[in-house]
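The block underneath contains the structure these notes are about, expressed in structure tokens.
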Amino acid sequence: MVNSEVSTRLEGKYAAIVVCWLLGNGCLFSWNSMLTIEDYYGYLFPKYHPSRVLTLVYQPFAVGTLAILAYNEAKLNTRLRNLFGYILFFISTLLVLILNSATSGKGGLGTFIGICALSGAFGVADAHVQGGMVGDLSYMKPEFIQSFLAGLAASGVLTSALSWLQKQHLRILRTVSAKEPFCSLPYQHSLSFFVLFSMHLFSLKYQL
């Protein structure tokens, strides 16, 4: 009887560790993907200093949202908070591609304001996800929070690897085009969509 209870209690542990890694990866994957193409934004918006402005826009939204959520923590449903954050990550990432397609890769103040708005949306999503996930996983097994934090670190490695592969691809093709830096977006965000969608399905299964 004791053995059956132990096996039942540990069932699904390794699957949950994988899910936690994916959830951690999705927290920063979208934002890291955006950072890897700042050279393109620097070319597209040379007058607006996007490498500085996007970060400055991201941080106030993240800190402000986190402060509001922390103040109202007792009234919030943490599971819904996490799901909202991941869904917002997914939608914001998709809108980056839609914005570029709608403007045909052209610059301008309106496009830059749209990019800044999406940067702020990433900050809001990050505040929802990281605080909620760390809080929830802290009450569970130590392996879960370790896997989640490992996923956070892995997101930077994955985006860097994708950026490097894209640069090698462009060197092989030896093409000279103003839109080359933006070519990394389909590669990076396709994987981002897969990760975020997978996390959404897994979180529905394990959180609800």
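Quick note: the sequence shown uses UniProt numbering, first residue 1, plus one each step. Backbone N, C-alpha and C define an ideal beta-carbon position, used for all residues, glycine too.
Query - Cβ distance (whole Å) where Leu28 is taken to contact Gly156 below 8 Å - result: Counting from one through the sequence shown, the residue named residue 28 turns up at place 28. Counting from one through the sequence shown, the residue named residue 156 turns up at place 156. Going by Cβ atoms, the distance from Leu28 to Gly156 rounds to 7 Å, so yes, they are a contact pair.
Buried or exposed (CB count within 10 angstroms, at least 16 for buried), Ala15 | Here residue 15 refers to the residue found at position 15 when the sequence shown is read from its first residue. The residue is exposed, with fewer than 16 neighbouring Cβ atoms inside 10 Å.
Pick out the complete alpha helix (DSSP H) segments inside the segment 26 to 74, 4 residues or longer, and give them in chain order.
-> Within the segment 26 to 74, the complete alpha helix (DSSP H) runs of at least 4 residues are 38 to 44 and 50 to 71.
ask   = Hey, would you say Asn82 sits closer than 9 Å to Gly120, going by beta carbons?
value = In the sequence shown, residue 82 corresponds to position 82, counting from 1. In the sequence shown, residue 120 corresponds to position 120, counting from 1. Between Asn82 and Gly120, the C-beta gap is not smaller than 9 Å, which leaves the two residues out of contact.
Q.
With H, G and I counted as helix, E and B as strand and the rest as coil, what does DSSP make of Glu143?
A. The residue given as residue 143 occupies position 143 in the sequence shown. In the structure shown, Glu143 sits in a helix (DSSP, three-state: H, G or I).
Practice problem: Only counting runs of 3 or more residues, tell me where the beta strand (DSSP E) segments fall wholly within the segment 66 to 115, in order along the chain. | Solution: Correct list: empty.
Exercise for review: Reducing DSSP to helix, strand and coil, say where Ser138 ends up.
Suggested key: By 1-based counting over the sequence shown, the position of residue 138 is 138. Annotated three-state conformation of Ser138 is coil, per DSSP.
Would you grab the beta carbon distance between Ala154 and Asn25 for me? Rounded to a whole angstrom, and I think it's under 8 Å. Numbered from its first residue, the sequence shown carries residue 154 at position 154. Numbered from its first residue, the sequence shown carries residue 25 at position 25. Taking a contact as a CB-CB distance under 8 Å, the pair Ala154 and Asn25 counts as one, their CB atoms being some 5 Å apart.
Report task. Measure the C-alpha to C-alpha separation of Ala150 and Met140 and round it to an integer number of angstroms. Result -> Position 150 of the sequence shown, counting from 1, holds the residue named residue 150. Position 140 of the sequence shown, counting from 1, holds the residue named residue 140. Ala150 and Met140: Cα-Cα distance of roughly 16 Å.
query: In its own chain, which residues sit with a C-beta less than 7 Å from the C-beta of Gly114, not counting the 5 before and 5 after it?
result: To locate residue 114, count along the sequence shown from 1; it is residue 114. If we look at Gly114 and ignore the five residues flanking it on each side, its Cβ neighbours are Leu99.
Worksheet item: What is the C-beta distance between Trp21 and Ser147, in whole angstroms, given that I count them as a contact (C-beta under 8 Å)?
Response: Position 21 of the sequence shown, counted from the first residue, corresponds to residue 21. Position 147 of the sequence shown, counted from the first residue, corresponds to residue 147. About 5 Å; that satisfies the 8 Å criterion.
request  = Please state if the CB of Ala125 and the CB of Leu88 are separated by a distance shorter than 9 Å.
outcome  = Your numbering for residue 88 matches position 88 in the sequence shown. Your numbering for residue 125 matches position 125 in the sequence shown. A contact, by the Cβ cut-off of 9 Å.
Review point. Between the beta-carbon of Met34 and the beta-carbon of Phe112, is there less than 9 Å?
Key: Counting from one through the sequence shown, the residue named residue 34 turns up at place 34. Counting from one through the sequence shown, the residue named residue 112 turns up at place 112. No, the pair does not count as a contact, with Cβ atoms beyond the cut-off.
Q: Ignore the nearest five residues each way along the sequence and tell me which others in Thr103's own chain have a CB closer than 7 Å to its CB.
A: Along the sequence shown, read from residue 1 onward, the residue named residue 103 stands at position 103. The beta carbon of Thr103 sits closer than 7 Å to the beta carbons of Thr111 from its chain, once the five residues preceding and following it are set aside; these are given in chain order.
Tell me which same chain residues have a C-beta within less than 8 Å of the C-beta of Cys116, skipping the five on either side of it? Against the sequence shown, residue 116 aligns to sequence position 116. Cβ within range, chain order: Val53, Leu54 and Val57.
query: What's the C-alpha gap between Gly12 and Ile145?
result: What you label residue 12 is simply residue 12 of the sequence shown in a count that begins at 1. What you label residue 145 is simply residue 145 of the sequence shown in a count that begins at 1. Each residue's Cα considered, the two are about 16 Å apart.
With a Cβ-Cβ cutoff of 9 Å, do Leu44 and Gly107 count as a contact?
Translated into the one-based positions of the sequence shown, residue 44 becomes position 44. Translated into the one-based positions of the sequence shown, residue 107 becomes position 107. Contact: yes.
Handout entry: Alpha-carbon to alpha-carbon, Lys167 and Val63
Key = Taking the sequence shown and counting its residues from 1, the one referred to as residue 63 is at position 63. Taking the sequence shown and counting its residues from 1, the one referred to as residue 167 is at position 167. It is roughly 34 Å from the alpha-carbon of Val63 to the alpha-carbon of Lys167.
Beta-carbon separation of Leu66 and Ser92 under 9 Å? Start at 1 with the first residue of the sequence shown, and residue 66 comes out as number 66. Start at 1 with the first residue of the sequence shown, and residue 92 comes out as number 92. No, Cβ-Cβ distance for Leu66 and Ser92 is not below 9 Å.
**OP:** Look up Gly12 in the DSSP assignment and say whether it is helix, strand or coil.
**Re:** Within the sequence shown, numbered from 1, the residue matching residue 12 stands at position 12. Coil, per DSSP.
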